[in-house]
Structures are given as C-alpha cells and as structure tokens.
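Only one structure is covered here, and it is reproduced in the block below.
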Amino acid sequence: MLNNDLRVSGKAGEHDRRDGHAPGNRFLGRVVACSGSRATIAAVAEEGGTDLTELWSVGRLISISVGRNRVVALVYQMNTGSHAWGEGEDNNFKIETELLGEVRVDEDGREEFSTGISRYPYLGAIAHRIRAADLMRIYDAGEGTTAVIGKLTQDESIDAAIHIPSMLSKHFAVVGSTGVGKSTAVSLLLHKAIAADPKLRVLILDPHNEFAAAFPKHAVTIDTDTLDLPFWLMRLEEFAEVVFRGRPPVPEELDMLRDILPEAKRAFRGSDNSLVRRTTEKSSITADTPVPYRMADLLALIDERIGRLEGRTEKPSLRSLKMRLIAAINDPRYHFMFSNNTISDTITETIAQIFRIPGENRPICTFQLAGIPSEVVNSVASVLCRMAFEVALWSDGAIHMLVVCEEAHRYIPSDPTLGFVPTRQAIARIAKEGRKYGVSLGIITQRPGELDQTILSQCSTLFAMRLANDRDQEIIRSAIPNSSISTTSFISSIGNGEAIAFGEAISVPMRMRFSRVDEKLLPKAASANSKHSEEDPDTVDLRKIVTRMRAVTVGPDISNFQQSYAASAAALDGVDAADEEIDAKPYTPPAPSSAPLESYRRELLPQTPRLDPAAPPATDPRLDALRREMRREEPVFPRPAPPADQPAVTRREPGPSLRESILKKPAFTTRIDAPKL
C-alpha cells in the first residue's frame with residue numbers, strides 16, 4: 001500500500017480541540033465586519049502575551065458560531081491596527097477570513113457540512129478554533145469511491161481524500177514549479193485511479209522517460225526500439241509535419257500529396273485481404289482515411305506525373321516532394337514509422353499494444369517521447385490523442401481512457417500561432433467532449449501561464465503546488481472559484497509535496513501534503529534509473545556516443561522498399577526518360593574488383609579514319625579529286641633557304657583568311673555516282 005488508507009470517521013462533539021490549552025483559549029475573537037464572502041474578526045492579546053496569537057495562522061480554518069450552526073472560514077490575512085506590538089500591554093489585532101460554508105445541525109442532532117450558508121455571522125459572533133470532527137466532515141468526499149492521497153497540513157491526523165470518479169470524468173491538472181514533486185503526485189493519483197476503476201486505461205505522454213520506473217508492475221513501456229507506429233495512420237496534416245520536418249508545408253506540394261495519397265491507398269487495396277477491401281469500399285478513400293499504402297506506390301505515382309508532358313509546370317514541385325519523401329524514408333530516426341512491419345495492415349495490433357486492450361493486468365502505457373525526433377513529436381502526440389478519443393468513442397463505454405500529458409504547454413500553448421494545430425485540436429476535443437464518451441484528460445505543467453486557458457478551464461479538479469511566477473499564480477487564481485480566491489495568496493510559499501486542491505473532486509479547497517511514495521515507485525529519468533557507470537569523462541568511449549547520436553546502428557532496412565519501388569515504377573507507362581529523377585536507392589561507389597587489370601593495348605581504342613596526303617590514291621579517281629577539292633590541295637614548292645646572316649623566321653605568309661576563301665568560292669554541286677560493281 002502506498003499510504004495508510006485507514007479512514008477515521010469523526011463523530012459530532014468528539015473533540016473540542018482543547019489539547020493542552022486552557023478552556024478559555026478556545027475563544028479567539030468576535031466578528032466586527034461581514035460581507036457576502038468575507039468576515040473580519042477582532043481579537044485582543046492581553047498584556048502582550050502570545051498564547052492566543054499562536055493559534056492563528058494564515059491558511060487555517062476557524063469556525064464562527066451562528067445559533068446552532070457553525071460557519072467555516074479560512075484565514076488569509078492578519079494585522080494589528082497600529083502595525084506595532086506593545087510589550088506588557090494589550091494588543092488589538094484583526095483577522096481577515098473567507099467564508100467557505102457551514103456545519104448544519106438538524107433537529108435530530110445530525111451534523112452535516114454544506115458549502116452554502118443559510119445564516120451569515122452577526123456582529124459580535126464568537127470565532128473559535130475548529131473542531132476535529134468538523135474538519136472530517138468538511139473534507140469527507142464520500143464512502144466507496146474516495147481515495148486518500150495525503151494528510152491535511154492543518155491537522156496531519158486527518159486524511160486528505162478525493163472523489164476519483166469526479167476527478168476523472170471532468171479532467172484534472174497538476175501544476176507547480178520544477179522540483180516540487182509533480183511527477184510523484186501524478187504517480188500517486190494514477191495508482192489510486194487504476195485501483196478504483198478496473199476499466200480504466202491510461203496513456204502517459206512521457207517526454208522525459210521517467211514514469212516507467214513508477215509503474216513497474218502496472219505499465220508497459222513503448223520507446224523507439226519497441227514502437228511500430230505506421231505512417232499511414234497519420235492524417236494529411238500530421239504526415240506533412242513529418243515530411244516537411246516541422247516547417248510550414250509548401251502549398252503546391254501539399255495539394256499534390258492530397259491528390260496522390262488516395263491513389264496509393266486504392267492501389268494497396270487490390271493486394272489486401274477481402275475484409276479490408278469490403279470495409280474501404282463502403283466509404284470513399286481520402287487522404288485522411290487510415291488505410292494502408294506503400295511508399296513505393298506513392299513514389300511511383302509521383303514518377304508517373306513527372307513523366308507527363310502536360311505537367312511540366314508541376315515538375316519542380318513533384319521533384320521536391322519526392323526528395324522530401326526519400327529523405328524521410330532514409331532517415332534512421334524515422335525507423336518506427338517506415339520499418340518493414342508497418343507496410344501491412346497492423347492497426348489492430350498497434351491499438352492493442354498502445355491502449356492496453358486487453359490490459360493483461362497492465363492498464364498503463366508509458367509512451368516515451370525522448371528518443372523521437374523533435375519535429376515528429378507533435379505528429380505522434382496528435383495521432384495518439386486522436387486515436388484515444390476514437391477508441392473510447394466507438395467502444396460504446398466499454399473502455400475508459402485517461403490521457404496524461406506531461407509538459408502540456410508544449411502541445412497546447414497559449415499562443416495560437418505556436419504549437420501544432422492537429423495536436424491542439426485533438427487535446428481540445430478530449431477536454432470539451434471527452435467526458436461524454438469516457439475519455440479523461442490529465443494536464444501536468446510547470447508553466448500554466450503558457451498553457452491554453454480554454455483547455456485549462458475544462459479541468460474541474462486542480463492541484464496547485466508551489467508556483468513562483470506571478471503570471472502563473474494569476475492564472476491559478478482565475479481558475480479557482482470566487483469564494484476561494486484567497487486560497488492562493490500563500491501558494492508561492494508552500495513546501496515540496498504540498499498542494500492546494502480544489503474542484504469537483506474536493507468539497508472545499510484544502511491545503512494538503514501528498515503521501516510519501518515508496519522509493520522503488522518514484523518516477524526517475526532514464527539516466528537516473530540505470531546503474532551508475534564506473535567510467536568517467538577521461539575513460540568514456542566517445543565514438544560510441546557519436547554512433548548513438550547519429551543513430552547509424554538502428555537505421556531502417558529499406559531493401560524491400562527499394563525492390564517494391566522498382567517494381568512499381570517499372571509497371572507504370574509513360575515515364576519520360578529525359579525527365580526521370582534519380583533512383584530512391586542512395587548512390588554507393590562500386591566495390592573494387594580483385595581481378596587483375598588487362599594491359600593497355602592501342603587497338604582497343606576507337607579508331608577514326610585519317611585523311612593522310614601520303615596515303616595511296618583511292619581506287620576511284622573521282623573520289624580522290626573530290627577529296628583534293630575539299631582540302632584545296634595545292635602543289636608544295638620548296639622555299640629558298642634564308643641567308644646565313646638572317647635568323648630563321650617561322651612566320652605565316654600573308655594570304656586570304658578562311659572566311660575570305662569561303663566567301664570567294666562559288667557554290668557548286670557535285671554528284672557522285674556509286675561505283676559499278
């Protein structure tokens with residue numbers, strides 16, 4: 001057991017909270033001002049004593065007697081009128097409180113707490129310390145469906161309990177700065193949730209790979225090594241996020257992809273089993289239909305369009321789209337999408353593995369996102385959230401899904417221009433419509449100010465841990481009901497493991513401390529969970545680190561894809577040879593041959609006929625005459641030797657240029673008859 005779940009039920013009048021104090025000390029002061037939601041109490045510290053003032057504290061509950069009923073109020077501010085303290089003399093001070101509800105006493109003596117107030121305190125009404133029995137009634141969430149998650153800060157002998165169905169049906173959020181214990185609190189809440197609801201299936205989007213250690217017996221872990229998430233499960237916008245690496249898609253290429261994807265899906269339908277064909281024939285196939293298709297067919301269709309003469313203006317965009325697809329296929333980080341196992345129709349196996357259907361006593365799936373490329377994380381989160389909603393929707397209530405988003409401000413930021421639109425839409429759909437179909441949402445964030453306020457407002461149960469940022473505190477104040485705004489006035493100073501819980505699962509906002517979790521069940525990051533290495537920076541193998549960074553050892557095997565792509569391309573006609581793009585197979589230099597090289601022989605070179613003047617005359621005198629005419633052969637006369645006193649000059653004699661000789665030569669036509677044989 002994670003904590004002591006033994007509930008203590010208090011009876012009316014069982015404790016008067018006088019432990020060790022004089023009976024007169026139970027009287028604290030009298031009401032001197034009252035409004036619809038607040039009351040001011042005046043008290044006197046006689047002769048400078050602090051016995052009475054020690055019983056006051058910001059964040060504590062007190063009760064005000066109004067007839068037979070007792071109004072419950074929360075202290076949020078204290079001060080003295082003179083802002084000074086006199087030693088040995090009476091000191092008057094005032095306490096500002098916020099009215100939360102009342103404990104009603106029926107005619108038969110039964111006492112019950114209600115958030116409504118039937119009679120407000122009158123001036124002069126006595127304020128005193130609250131009874132332990134009243135605290136139990138206030139924070140009692142009901143029997144059977146409650147879970148104890150900690151202790152009250154005001155009185156650690158009283159359990160802090162929440163109503164699990166209310167927390168799950170209307171979503172919940174855990175906010176707090178780094179290091180205050182959010183992950184530990186979430187693991188405790190999930191342990192209580194799966195114990196209370198056997199039909200619950202939990203999907204944790206874990207960006208830090210830390211929740212696997214918190215559920216060793218109740219969860220399965222999915223990482224990049226064990227993940228097979230087919231690319232054809234993605235919708236067009238999600239697939240474009242992968243192809244364009246997180247950048248805005250090119251409109252022309254996106255339109256071409258929208259036109260080609262249905263053709264590739266119809267091409268795969270012919271080779272699939274009859275069940276898939278009958279299912280897909282009932283509805284028209286679009287780019288968003290989760291029907292399998294081959295990347296080889298998609299690339300072959302692009303090649304076919306490149307070869308069409310009427311599409312010359314589209315060819316640059318088609319070539320660019322083809323290069324993007326090939327780059328994504330060859331990227332080893334996308335192995336979980338383009339592996340050989342994702343070519344067949346594996347949607348049933350994928351859903352069964354991720355959403356634990358059947359659970360096999362492991363209803364939690366921790367989906368580790370740390371090893372997935374950053375430009376693909378948004379698409380993966382969008383697919384998972386969308387499928388979680390659809391699985392719960394079409395199961396007709398047989399499956400209750402809970403999607404927990406760690407670091408939720410990454411997926412649903414407050415700025416609408418940031419983030420990924422399909423992911424925001426998928427999470428917003430769960431937040432707005434999920435409770436109708438049995439889909440719950442758990443939000444975990446350290447920056448509620450950067451979170452979409454529309455989605456945060458859908459979380460009816462909130463656990464606010466320590467927040468230091470003023471903007472984040474203001475967001476939490478706006479989310480708390482008006483009658484409990486003062487509760488967050490001390491949210492920046494609460495300790496680690498403490499939280500202010502309010503919402504549907506808690507009747508009255510309470511300051512509580514989460515129960516301690518066993519060391520073996522604490523969330524730990526992947527690096528902290530592994531055994532300590534004996535190596536240090538001086539002995540570590542840097543080459544192994546670089547190899548893991550490049551992911552060259554886990555690259556996808558695309559040999560089957562290359563063969564299918566070549567077969568699909570060969571089956572298509574009308575490809576223009578002049579416009580063929582490079583093959584999908586990357587260039588590899590030829591392997592050196594071990595055979596001995598043949599010695600050089602001149603006769604192996606291509607021989608061209610040479611017209612040598614010294615060659616013997618041709619057999620046909622007419623051909624010989626024509627040859628001389630074309631070469632303008634003239635008789636060669638020997639030049640006289642220069643005088644001995646003059647140096648030899650190798651200078652060309654002036655004469656007509658080639659252009660002049662061509663212009664002066666009259667045009668003629670020579671007919672050559674074939675020699676008679």
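Take the sequence shown: its position 309, counted from the start at 1, is 309 in our numbering, and no numbers get skipped.
Ideal Cβ placement from N, Cα and C applies to all residues, glycine included.
Owing to the predicted nature of the structure, the values given are computational and were not obtained by experimental measurement.
What would DSSP say about residue i, mapped onto helix, strand or coil?
i, result
"GLN77", "strand"
"HIS400", "strand"
"ASP206", "strand"
"HIS191", "helix"
"ASP159", "strand"
"HIS128", "strand"
"ILE138", "helix"
"THR146", "strand"
"LEU257", "helix"
"PHE244", "coil"
"LEU123", "coil"
"THR588", "At THR588 the pLDDT is 49, less than 50, meaning the model places this residue with poor confidence; the figure from the coordinates comes in the next sentence. In this structure, THR588 counts as coil in the three-state DSSP scheme."
"ILE491", "coil"
"ILE222", "strand"
"LEU233", "helix"
"PHE211", "coil"
"THR547", "helix"
"PRO523", "coil"
"PRO216", "coil"
"ALA264", "helix"
"LEU456", "helix"
"GLU238", "helix"
Kindly give me the distance between the Cβ atoms of residue i and residue j, rounded to whole angstroms, as I take these residues to be in contact under 8 Å.
i, j, result
"GLU504", "ASP206", "About 26 Å separates the two Cβ atoms, so there is no contact after all."
"ALA287", "PRO262", "6 Å"
"HIS163", "THR145", "6 Å"
"PHE336", "THR221", "PHE336 to THR221, Cβ: 14 Å. No contact."
"GLY497", "GLY181", "5 Å"
"ARG30", "ASN69", "Their Cβ separation, rounded to whole angstroms, is 17 Å, which puts ARG30 and ASN69 out of contact at 8 Å."
"VAL75", "ARG60", "5 Å"
"ARG266", "LEU236", "Rounded, the Cβ-Cβ distance is 16 Å, inconsistent with contact."
"ILE130", "ILE62", "6 Å"
Name the two residues that bound the continuous alpha helix (DSSP H) containing residue i.
i, result
"THR423", "421–437"
"ILE412", "Neither: ILE412 is in no alpha helix (DSSP H) and is coded neither H nor E."
"VAL376", "374–394"
"THR348", "347–354"
"GLY307", "295–307"
"PHE27", "From DSSP, PHE27 is part of no alpha helix (DSSP H) but of the beta strand (DSSP E) over 27–34."
"LEU318", "315–330"
"ALA479", "470–479"
Give the range of the beta strand (DSSP E) segment to which residue i is assigned.
i, result
"ILE95", "91–105"
"ALA370", "From DSSP, ALA370 is part of no beta strand (DSSP E); its letter is neither H nor E."
"ALA42", "38–45"
"THR50", "First-last for THR50: undefined, no H or E at that position."
"ALA464", "461–464"
Beta-carbon separation of residue i and residue j under 8 Å?
i, j, result
"ASP134", "ALA161", "no"
"ILE491", "PRO448", "no"
"ALA426", "CYS385", "yes"
"MET512", "LEU152", "yes"
"ILE430", "GLY419", "no"
"PRO509", "ALA214", "no"
"VAL380", "LEU393", "no"
"THR97", "ARG137", "no"
"ILE260", "LEU301", "yes"
"THR468", "SER177", "A small fix is needed here, since residue 468 is Ala in this sequence, not Thr. Cβ distance < 8 Å, so ALA468 and SER177 count as in contact."
"PHE514", "ALA185", "yes"
"LYS192", "ILE399", "no"
"LEU298", "VAL243", "no"
"ALA501", "THR445", "no"
"LEU100", "ALA73", "yes"
"GLU89", "GLU47", "yes"
"ILE351", "MET387", "yes"
"PRO537", "GLU238", "no"
Among all the DSSP beta bridges, which residues are the ones paired with residue i?
i, result
"MET512", "LEU152 and ALA499"
"VAL72", "SER63 and GLY101"
"LEU200", "HIS400"
"SER114", "GLU102"
"CYS405", "LEU205 and ILE443"
"ALA173", "ILE443 and LEU462"
"LEU451", "PRO413"
Does residue i get closer than 8 Å to chain D when you measure Cβ to Cβ?
i, result
"ASP225", "Looking at the structure shown, chain D is missing, and only one protein chain is on hand."
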